[in-house]
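K.L.:
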Amino acid sequence: MKIYLGQKIKELRKKANISQANLARKIGVSPSAIGMYEQNRRTPDNETMLKLCSFFDVSLDYLVGSAVNYESFSEYNDVADMLDEFAKKLCEQEGLMFDGSPLNREERIQILQAIRYVSKVAEKMKYEDGGI
Numbered sequence: 029m030k031i032y033l034g035q036k037i038k039e040l041r042k043k044a045n046i047s048q049a050n051l052a053r054k055i056g057v058s059p060s061a062i063g064m065y066e067q068n069r070r071t072p073d074n075e076t077m078l079k080l081c082s083f084f085d086v087s088l089d090y091l092v093g094s095a096v097n098y099e100s101f102s103e104y105n106d107v108a109d110m111l112d113e114f115a116k117k118l119c120e121q122e123g124l125m126f127d128g129s130p131l132n133r134e135e136r137i138q139i140l141q142a143i144r145y146v147s148k149v150a151e152k153m154k155y156e157d158g159g160i
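Residues in the sequence shown are numbered from 29 upward in steps of one, following my numbering.
#1: Could you compute how far the alpha carbon of Lys79 sits from the alpha carbon of Gly56?
#2: Quick one: what's Phe126 bridged to in DSSP?
#3: In terms of residues, what are the limits of the alpha helix (DSSP H) holding Gln121?
#4: So the alpha helix (DSSP H) Pro59 belongs to, where does it begin and stop?
#5: Rounded to whole angstroms, what is the Cα-Cα separation between Ala142 and Ala49?
#6: Hey, could you find the ends of the alpha helix (DSSP H) Ala44 is sitting in?
#7: Using a Cβ-Cβ cut-off of 8 Å (strictly less than) and excluding sequence neighbours within five positions of Ser58, which residues of its own chain qualify?
#8: So what's Asp106 in DSSP terms, helix, strand or just coil?
#9: With respect to the alpha helix (DSSP H) encompassing Asp89, which residues constitute its N-terminal and C-terminal limits?
#10: Taking only three categories from DSSP, how would you classify Gly56?
#11: Give me, in chain order, the residues of the same chain whose beta-carbon lies closer than 7 Å to that of Val92; leave out the 5 immediate sequence neighbours on both sides.
#12: Pick out whichever of Lys36, Ala150, Leu140 has its Cα sitting closest to the Cα of Tyr90.
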């Protein structure tokens, strides 16, 4: 299940036990803006995203949902399967960013190519060295 930015903001706000109005006041936006963010009807600008991160003490990657959840990979015993799952998540993740900048289609393709390359290198090492 995908968790959208609005859901993440709402979860963090509720966890902090703060109202939409109070959060809006703290980060300098209108209460209706917070409501729109939480309903995924509007996306905060970069400055507001950074204010939200600062207020909730979370990374931008965490807020937009692109932080890797390593626990989700713990079920894999095979690197190839793990890389396949990561590649799938990379393709499906909406609003994915790298170092605070949105990734476009071409950049995602480059990352996927790098993953495939790493997978091939690992496979080659497995056969040449008798295992990793």
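The beta-carbon is built from N, C-alpha and C at its ideal position, and this holds for glycine as well. Values in this document were obtained by computation on a predicted structure and should not be read as measured data.
P.N.:
Let me spell this out:
#1: When rounded, the distance between both Cα atoms is 9 Å.
#2: Bridge partners of Phe126: Ser129.
#3: No alpha helix (DSSP H) holds Gln121; DSSP gives it neither H nor E.
#4: For Pro59, the uninterrupted alpha helix (DSSP H) segment begins and ends at 59-66.
#5: Taken atom to atom, the span from the alpha-carbon of Ala142 to that of Ala49 is near 44 Å.
#6: First-last for Ala44: undefined, no H or E at that position.
#7: So the list reads Ala52, once near-sequence residues are dropped.
#8: In this structure, Asp106 counts as coil in the three-state DSSP scheme.
#9: Where Asp89 is concerned, the enclosing alpha helix (DSSP H) stretches over 88-92.
#10: If DSSP states are grouped into helix, strand and coil, Gly56 belongs with coil.
#11: So the list reads Leu33, Gly123, Met125, once near-sequence residues are dropped.
#12: Check the Cα spacing between Tyr90 and each of Lys36, Ala150, Leu140: the tightest is with Lys36.
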